[in-house]
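Visitor: So the sequences go chain by chain: A and B.
Residue 0 is where the first sequence starts when you use numbering that gives the first Met the number 0, and the numbers rise one by one after that.
Residue 0 is where the second sequence starts when you use numbering that gives the first Met the number 0, and the numbers rise one by one after that.
Protein chains: 2
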Amino acid sequence: MTENQYYEQEATASEFLEWYKTQDIKKYEKPSVTIDNVIFAFDKKENQLKLLLIKRAAHPFKDKYALPGGFINPNEDAKEAAKRETFEETNVKIESENQMWQIGAFSTPFRDPRGWTITIAHTTFLYPFVDPKAGDDASACEWVSIIPAENKKQLPYFMTQDKKIIHLDQDLAFDHAQIIKTTFKRIKSSLTFNADVAKVLGPTFTSNQLKKLFFYFDPKFNETYNPSNIVTTYVKRLEIFQKVGQITINEQSSGRPKTLFSFNPEQENNV
Amino acid sequence: MTENQYYEQEATASEFLEWYKTQDIKKYEKPSVTIDNVIFAFDKKENQLKLLLIKRAAHPFKDKYALPGGFINPNEDAKEAAKRETFEETNVKIESENQMWQIGAFSTPFRDPRGWTITIAHTTFLYPFVDPKAGDDASACEWVSIIPAENKKQLPYFMTQDKKIIHLDQDLAFDHAQIIKTTFKRIKSSLTFNADVAKVLGPTFTSNQLKKLFFYFDPKFNETYNPSNIVTTYVKRLEIFQKVGQITINEQSSGRPKTLFSFNPEQENNV
DNA sequence: CTAATAGTGTCTATTAGACAATATCCG
DNA sequence: CGGATATTGTCTAATAGACACTATTAG
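#1: For the alpha helix (DSSP H) holding T21 (chain B), just list the boundary residues, first then last.
#2: For Q241 (chain B), which residues from the same chain have a beta carbon less than 7 angstroms from its beta carbon, with the 5 sequence-adjacent residues on both sides left out?
#3: Report buried or exposed for D170 (chain A), applying the criterion of at least 16 other Cβ atoms within 10 angstroms of its Cβ.
#4: Tell me, please, whether the CB atom of R113 (chain A) is closer than 8 angstroms to any CB atom in chain B?
#5: Please name the residue, chosen from B:S106, B:K211, B:M99, that lies closest to A80 (chain A) on a Cα-to-Cα basis.
#6: Note down, in chain order, every chain B residue with its Cβ under 9 angstroms from the Cβ of Y6 (chain A).
#7: Between D298 (chain B) and the rest of its own chain, which residues show a CB-CB distance below 7 angstroms, the 5 nearest in sequence each way excluded?
#8: In whole angstroms, what separates the C-alpha of R185 (chain B) from that of K54 (chain B)?
#9: Might you give, ordered along the chain, the residues of its own chain that have their beta carbon closer than 6 angstroms to the beta carbon of F60 (chain A), omitting 5 neighbours on each side?
#10: For A40 (chain B), count neighbouring C-beta atoms within 10 Å of its own C-beta (all shown protein chains included) and say buried if the count is 16 or more, exposed if not.
#11: What span of residues does the beta strand (DSSP E) with A104 (chain A) cover, start to end?
#12: Just the Cα atoms here: how many angstroms apart are I165 (chain B) and I145 (chain B)?
#13: Is the CB of T1 (chain A) under 8 angstroms away from at least one CB in chain B?
#14: Where H121 (chain B) and Q177 (chain A) are concerned, what is the direct C-alpha to C-alpha distance, given to the nearest angstrom?
#15: Along the chain, where does the beta strand (DSSP E) containing S138 (chain B) start, and where does it finish?
#16: In or out: T21 (chain A) buried (at least 16 other Cβ within 10 Å) or exposed?
#17: For R255 (chain A), which of A:L50, A:K219, A:T205 has the nearest alpha-carbon?
#18: Give me whichever residues DSSP pairs with S261 (chain B) in a beta bridge.
#19: If the cut is a Cβ gap below 7 angstroms, which residues of chain B does I186 (chain A) touch?
#20: Can you list the residues of chain A that A77 (chain B) reaches, using a CB-CB cut of under 7 angstroms?
#21: Look at K78 (chain A) and K29 (chain B) and say whether their C-beta atoms are less than 8 angstroms apart.
#22: I'd like the list of long-range same chain contacts for K210 (chain B), defined as Cβ closer than 7 angstroms, with 5 residues on each side in sequence excluded.
#23: Within 8 angstroms (strictly less), CB to CB, does F15 (chain B) reach chain A?
#24: If the cut is a Cβ gap below 8 angstroms, which residues of chain B does F70 (chain A) touch?
#25: Counting C-beta neighbours from all protein chains within 10 Å, is the total for G69 (chain A) 16 or more, i.e. buried, or is it exposed?
#26: Taking C-beta pairs closer than 8 angstroms, name the residues in chain A that P73 (chain B) reaches, listed in chain order.
#27: So the alpha helix (DSSP H) N207 (chain B) belongs to, where does it begin and stop?
#28: Just confirm the distance between the C-beta atoms of D195 (chain B) and W100 (chain B), as a whole number of angstroms; I'd bet it's less than 8 angstroms.
#29: Examine chain A for any beta-carbon lying closer than 8 angstroms to the beta-carbon of K294 (chain B), and answer yes or no.
#30: Between M158 (chain A) and T258 (chain A), what straight-line distance do the alpha-carbon atoms span, to the nearest angstrom?
#31: Between F157 (chain A) and chain B, is any beta-carbon pair separated by less than 8 angstroms?
#32: Under 8 angstroms, Cβ to Cβ, is there at least one residue of chain A near A194 (chain B)?
#33: For V143 (chain A), which residues in the same chain have their Cβ closer than 7 angstroms to its Cβ, ignoring the five residues on either side in sequence?
#34: When the distance is taken between beta carbons, is A56 (chain B) closer than 8 angstroms to S138 (chain B)?
#35: List the residues of chain B whose Cβ lies closer than 9 angstroms to the Cβ of Y272 (chain A), in chain order.
#36: Using a cut-off of 8 angstroms between C-beta atoms, extract the partners of I239 (chain A) located in chain B.
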């Protein structure tokens, strides 16, 4: 019996681990592992949903837009890494990990021309909306407006603050277009039982805000859709939201006061 | 301007990549990246759904059950790795990647006591059902019967061929219990619009087989559930399945012949 | 024919979606 | 009061689920 076999099969678990640390293990080649973050926030001034993109300062994909992201560190899990990297690259602080979902790992060979890199994509429903500040890797960092798809065949696209259009299939670095598309799909298909995306609206929101927000992900929430149906579905049936007694007086020009909703604290995340 | 800055910002993309390859890049510490595979198959002899588990031959988690899996290689994506490792460890060959889903990355620190390891979990809807053969890392490798949860509060559990019970929270190595739970949840929540899991049934299947299969993931498909409702939902409305004219004559003892269904080839995967 | 099994049609409850009617506020 | 805005109630269509009834086959 080899020493190896002895420790793997005969020794106790703790003896094995003691021995294992002393071994110079034959190293497999390892990939770099990064995280990327598809960050949504709602700009109340302009009354629209925005996505946080970086403009790359350096090769590869110099001058293309990209998602904030970076390397994962030992002793942190992917979500922590996504929080940390988002802050380092954009100065945007994510308060809670339950504003984040993992979308999945993207591992297509050669997705990064520099070498073997796997990314774990996340999405974040940020609140409050804050101005970003570009870190080292970016020449710029900005909230881009999302132009929602008008029907099922179309894709959303984006517009920078100086009105430049960003198309998913042309203007993004790496496979970030695919990551963004997967994120939109995932949010849409979970809207039937989950509304975490509403976290971008902050602690309270109205049914009309929800409708407007959901429209970015699913064209069925269009002009003809009655916001009261959101109440029926998400408040009465699913009980994801609850009415909070308050009613705003006069932030609007006139009209019946809005009802405010918040997340129902009894609900848990499920994605 | 440093050389670094020149190549990152002034040179062309291909000049940059040429230069990059010659550099001895400061290495970040990298994790090992593995894949794991939650493999389902339907055993027609015993008329039940089974899950493929390995019994670990070596520390850590010696003698615990684990999912087939292993290291991802350069120049392959995660799904290819999952196919390759499944074959190496269990001799089970997965024919097509559209029998597989990615479940997600699991990256909790110290999930592997030997060191920093991130896994990308997959699930596979295998067909045909074949006998496995344990590879090196396993003392055994077997199809375990799945005992479905009877209501929403319960978890499924498993039974080995010699009737030993495997509980998710006690008998599995690493975080594989969590991976399996996440997989069951994911399949269940996508059953409203997707039925890829039916790929375990092979090219054709009956509505009763579908009902029995779905019950493993959602207790609503219980004895009182009428299989004709599956036809209404998945054939008529979603058009995921189609009737294939054939009707089996006499594989059953008596009774009206079954209608056979297959996947509708116009449909694409969407998860 | 009878037992066994599968499929059909129908009925009810729930859910989704649209729209008319009503409520509230501002000036 | 009248215009603006929001919510409520109701109506219809779509969907989910249950169950009685009918169809087919073996023996």
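Note that the Cβ used here is the ideal one computed from N, Cα and C, for glycine as well.
Guide: Let me spell this out:
#1: 12-21
#2: V234, F260, S261, N263.
#3: Buried.
#4: yes
#5: B:S106
#6: A57, H58
#7: In the structure as shown, chain B begins at 0 and stops at 270. Residue 298 (chain B) is therefore absent and cannot be evaluated.
#8: 25 angstroms
#9: A172
#10: buried
#11: Counted as a single uninterrupted DSSP element, the beta strand (DSSP E) harbouring A104 (chain A) occupies residues 99-105.
#12: 10 angstroms
#13: It does not; no Cβ of chain B falls within 8 angstroms.
#14: 19 angstroms
#15: 137-146
#16: exposed
#17: The option with the nearest alpha carbon to R255 (chain A) is A:T205.
#18: B:Q241
#19: Simply none; closest approach about 14 angstroms.
#20: A104, S106
#21: no
#22: F220, Y224, P226, I229, listed in sequence order.
#23: yes
#24: Y27
#25: buried
#26: Going along chain A in sequence order, the residues near P73 (chain B) (Cβ under 8 angstroms) are E28, P30, P108, W115.
#27: 206-214
#28: 7 angstroms
#29: The requested residue 294 (chain B) does not occur in the structure, where chain B is confined to residues 0 to 270.
#30: 32 angstroms
#31: no
#32: no
#33: K49, L50, L52, F157, M158, T159, I165
#34: Here S138 (chain B) is near A56 (chain B), since their CB atoms are less than 8 angstroms apart.
#35: With chain A covering 0 to 270 only, the question about residue 272 (chain A) has no answer from this structure.
#36: Chain B residues near I239 (chain A): none, gap ~15 angstroms exceeds 8 angstroms.
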